[in-house]
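First the structure, in the form of structure tokens, and then the observations on it.
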Amino acid sequence: MNSLVMIPFVPLLLGALAAIFLRGWLRNSLMLIAPIIGALNLMGMEPGVLWSLEFMGYALEPVRIDKLSLMFGYLFHLASFIAIVYALHVKDTVQHVAGLAYAASAVGAVFAGDLLTLFVFWELLALTSVFLIWARRTDRAYASGVRYLIIQILSGVMLLAGLLIFAQVNNSLLFKSIGLEHQGTAKIGAWLIFLAFGIKAAFPFFHNWLTDSYPEATPTGTIFLASFTTKVAVYCLARGFAGEEILIWIGVTMACFPIFFAVIENDLRRVLAYSLINQIGFMVVGIGIGSAIALNGAVAHAFNDVIFKGLLMMTMGAVLHMTGKINGSELGGLYKSMPKTTILCIVGAASISAFPLFSGFVSKSMIMAAAVEEGYNVVWLLLLFAAAGVFHHAGIKIPYFAFFAHDSGIRTTEPPRNMLIAMTIAAVACVMLGTFPQQTVYALLPWDADYHPYDLTHILTQLQLLFFSALAFVWLNLRNMYPPELPSTNLDADWFYRKLAPSFIKPLARNMYGVYDKLELTAIASVKLIIRNSYDPEEAKPRGFFAKLWPTETMVAWVAILLAGYLILYYL
Amino acid sequence: MAEDNEEKYFFDDPKNIKKVLKVFYFICALLVLADFIVHRHIYHSWENIPAFYAIYGFVGCVLLVVIAKEMRKVLMRKEDYYDE
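The following block contains the structure:
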């Protein structure tokens, strides 16, 4: 059996190669087969090191298999299959190649057994995915892609610096639990790696690359983007920093602050980008708590989130694809012409809001239960608030402003069939994961812990929370207190590098350039002056005394001066 | 397409919206009622408050929206703010 096993990322990479060279139905079928073969390949794998080698005296394990990496491996193959189906109608080769290569990099990253291999895939994630943003081919998307790339590469450089320090101190590059408790330079290394992971996980103040670029990508590209980068970061945090208490507070912040931005954001894909950060917040809290049930909850939620967030992104991508509009202020009433998309969107909304029988219910609750169990009362209360807020902005706002609300008068049709099929697969997966967790997502969980989401208390309390959140929405709407969708930009932490820093740096750079310009002019003028003083162009003769003599004459004169000097020194 | 526009859809009729809302209010009422009938497991002392989750969800969401509305006064700029 083992002889048939391929390196995990190879099938997807071959799919990317097929996308470069082939066209038409052959390309489509090979792209679809790639993730299926990849997933079947994983089924034949036993935990252990599949590939190891030595590099400059360090043992490397480019492919290491364990339950945690296998879970993310399956997830990424499922996610890439759905995203490929969703993108099949696209003619743009760049997007197909970038999408598959990006998926392959994500698979490579979660099976990397050492930090150096992880770094290589870390950078490949950035380099392949940026083309999904640039493929929109607008000025905004280009600028946003450049900002995205700079921040992603910065994260990679920090990872590289951290791993070099670690290699020096520990004399090992293997990727095991790192933790933040170290002394001396090792502490700097650990923090660099922690922050590198944190940038990709969209920690507060490092989160704007996500809300900036994901909504600027192509309708199909965003599905790939929303599935991989942040989930690789969650995986890395779970492996490297499980049980670090600071993660609990970072995670709670991530779960709470984006929901405020999501309520006032107009671009519905940007609303989903904010809610993506909010969901990662739940996972980060789980990793920070660090008990078996909390870690299981974190990775189970990552698994479910990729599917339901992908579904929501796909429905909004379908709206954008069919109407060319994505702002809540310009949409509304689309249920009349896109009823299937509407229903699929509501399934996604129910899943992210954690309605019983939908996928969010069985994973979010593990994290909440772990928080209560470990005595984090304030954390639990804030997560409960965040859970209500998710329903409010992602569960109600997205379907309501796109498909219902006031009729925008837009009449369109359902999206292409491949898009509908992809959304249906994701919707069925959401219900299956939520209804039969023991047979699906729980079966993949890496840590041993028993958890049963379906008891009367949990179902009742969750329904109360959700229905009364909805009641708040209805009440605010009927009293005209709900903030209307307005065409606007909301300031966030990216203001510092998109407005504040340029407003300092631009005048500074302008002044520096002015000074440099003046310096250059002065230098040129003084060189010209020297030339003019030493050469007479009218007589075509040099002006200087020595320049008028022959070289031999000059020589004689200097020798005479030297000898005279020597004579004087001799008598002194 | 002209016929399409004249077609009446479900939510075009205000009566239908009222019906849906009535069903919704009824479910909300049932859920609160259930709180007094079903014996919930209590993991945390705050959960002893009757209908704790319903109150928390409602108040939390109203606060969320009110605060977000206030944030707009500080944070909202024109759509092309960064493009200038």
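Protein sequence lines, in the order shown, are assigned to chains A and B.
Per this note's numbering, the very first residue in the first sequence carries number 1; after that it's consecutive.
Per this note's numbering, the very first residue in the second sequence carries number 1001; after that it's consecutive.
For every residue, glycine included, the Cβ atom is placed at its ideal position computed from N, Cα and C.
Please read these numbers as outputs of a predicted model, since none were measured by experiment.
Query raised in the report: Is the Cβ of residue 319 of chain A closer than 8 Å to any Cβ of chain B?
Result: no
Query raised in the report: With a Cβ-Cβ cutoff of 8 Å, do residue 144 of chain A and residue 213 of chain A count as a contact?
Result: yes
**Report entry** Bridge partner(s) assigned by DSSP for residue 661 of chain A
**Finding:** Missing from the structure shown is residue 661 of chain A; chain A here goes from 1 to 572 and no further.
Requested in this report: Consult DSSP for residue 541 of chain A and reduce its assignment to one of helix, strand or coil.
Outcome: In this structure, residue 541 of chain A counts as strand in the three-state DSSP scheme.
**Report entry** Nearest neighbour of residue 323 of chain A, chosen from A:408, A:270 and A:245 [CA to CA]
**Finding:** A:408
Query - Within-8 Å CB hit, residue 1015 of chain B to chain A - result: no
Requested in this report: Identify, in the order they occur along the chain, each residue of the same chain with its Cβ nearer than 7 Å to the Cβ of residue 131 of chain A, setting aside the five sequence neighbours on each side.
Outcome: 94 and 98
Query raised in the report: For residue 1053 of chain B, which three-state DSSP category applies?
Result: helix
Query - For residue 97 of chain A, the three-state DSSP class (helix, strand or coil) - result: helix
Query raised in the report: When you compare each of A:176, A:142 and A:567 to residue 114 of chain A by their alpha carbons, which one comes out closest?
Result: A:176
Query - Unbroken stretches of the beta strand (DSSP E), 3 residues or longer, contained in the stretch 69-116 of chain A - result: Counting only runs of 3 or more, we get nothing.
Requested in this report: Could you tell me if the beta carbon of residue 95 of chain A falls within a distance shorter than 7 Å of some heavy atom in the ligand FMN?
Outcome: As presented, the structure is devoid of all ligands, the ligand FMN included, so that no description of it is given.
Report task. Note down, in chain order, all residues in the stretch 381-395 of chain A with a beta-carbon under 7 Å from any beta-carbon belonging to chain B. Result -> 384, 385, 388, 389 and 392
Query raised in the report: In the stretch 450-467 of chain A, which residues sit with their C-beta less than 9 Å from some C-beta in chain B, listed in chain order?
Result: 455, 456, 457, 458, 460, 461, 462, 463, 464, 465, 466 and 467
Query raised in the report: Sorted by chain position, which residues of the same chain lie with C-beta nearer than 8 Å to residue 1025 of chain B's C-beta, five sequence neighbours on each side aside?
Result: Contacts found: none.
Requested in this report: Spell out the partners DSSP gives residue 65 of chain A in its beta bridges.
Outcome: A:48, per the DSSP bridge assignment.
Query - Proximity test, Cβ basis, 8 Å: residue 1020 of chain B and chain A - result: no
Query raised in the report: Relative to the C-alpha of residue 170 of chain A, which residue among A:160, A:159, A:378 and A:185 is closest?
Result: A:185
Requested in this report: Note down, in chain order, all residues in the stretch 1025-1041 of chain B with a beta-carbon under 9 Å from any beta-carbon belonging to chain A.
Outcome: Interface annotation for the stretch 1025-1041 of chain B against chain A: 1025, 1027, 1028, 1031, 1032, 1034, 1035, 1038, 1039, 1040 and 1041, criterion Cβ-Cβ distance under 9 Å.
**Report entry** chain B within 8 Å of residue 259 of chain A, Cβ atoms only
**Finding:** yes
Query raised in the report: What residues in its chain sit with their C-beta under 7 Å from that of residue 48 of chain A, if we drop five residues either side in the sequence?
Result: 65
Query raised in the report: Taking Cβ-Cβ distances shorter than 7 Å, what residues in chain B pair up with residue 336 of chain A?
Result: 1009
Report task. Scan the stretch 467-482 of chain A for residues whose Cβ lies nearer than 8 Å to a Cβ of chain B and list them as they occur along the chain. Result -> 467, 468, 469, 470, 471, 472, 473, 474, 475, 476, 481 and 482
**Report entry** Candidates A:501, A:183, A:50 and A:385: closest to residue 257 of chain A by CA position
**Finding:** Taking the Cα of residue 257 of chain A as reference, the smallest distance to any Cα among A:501, A:183, A:50 and A:385 is reached at A:385.
Query raised in the report: Which of the three DSSP states, helix, strand or coil, is assigned to residue 1004 of chain B?
Result: Low confidence applies to residue 1004 of chain B: its pLDDT is 49, below 50, so where it sits in the model is not reliable, and the reading given next is rough at best. In the three-state DSSP reduction, residue 1004 of chain B falls in the helix class (H, G or I).
Requested in this report: Count the other C-beta atoms from every protein chain shown that fall within 10 angstroms of the C-beta of residue 556 of chain A, then say buried if there are 16 or more, exposed otherwise.
Outcome: exposed
Requested in this report: Answer with buried or exposed for residue 152 of chain A, where buried requires no fewer than 16 other C-beta atoms within 10 angstroms of its C-beta.
Outcome: Around the beta-carbon of residue 152 of chain A, 16 or more other beta-carbon atoms lie within 10 Å, marking it buried.
Query raised in the report: So, using beta-carbon positions, are residue 277 of chain A and residue 210 of chain A closer together than 8 Å?
Result: yes
Requested in this report: May I ask you to list, following chain order, the residues of the stretch 1041-1065 of chain B that have a beta carbon less than 7 Å from some beta carbon of chain A?
Outcome: 1041, 1043, 1044, 1051, 1053, 1054, 1056, 1057, 1058, 1060, 1061, 1062, 1064 and 1065
Query - Residue burial classification, residue 541 of chain A (beta-carbon count within 10 angstroms, cutoff 16) - result: By the neighbour-count rule (16 or more Cβ atoms within 10 Å), residue 541 of chain A is not buried but exposed.
Query raised in the report: Which residues of chain A have a Cβ atom closer than 7 Å to the Cβ of residue 1069 of chain B, listed in chain order?
Result: 483
Query raised in the report: So which residues on chain B does residue 252 of chain A lean against when the C-beta distance must stay under 8 Å?
Result: What residue 252 of chain A touches in chain B: nothing, since even the nearest Cβ is about 14 Å away.
**Report entry** Under the three-state DSSP convention, the category residue 1080 of chain B falls into
**Finding:** coil
**Report entry** chain B residues whose Cβ lies nearer than 7 Å to that of residue 404 of chain A
**Finding:** 1011
Requested in this report: Say whether the stretch 435-451 of chain A touches the stretch 371-386 of chain A, bearing in mind that this needs 3 or more beta-carbon pairs closer than 8 Å, one atom from each stretch.
Outcome: They do not touch, by the three-pair rule.
Query raised in the report: Which two residues bound the contiguous alpha helix (DSSP H) that contains residue 218 of chain A?
Result: It is not in any alpha helix (DSSP H) - residue 218 of chain A carries neither H nor E in the DSSP assignment.
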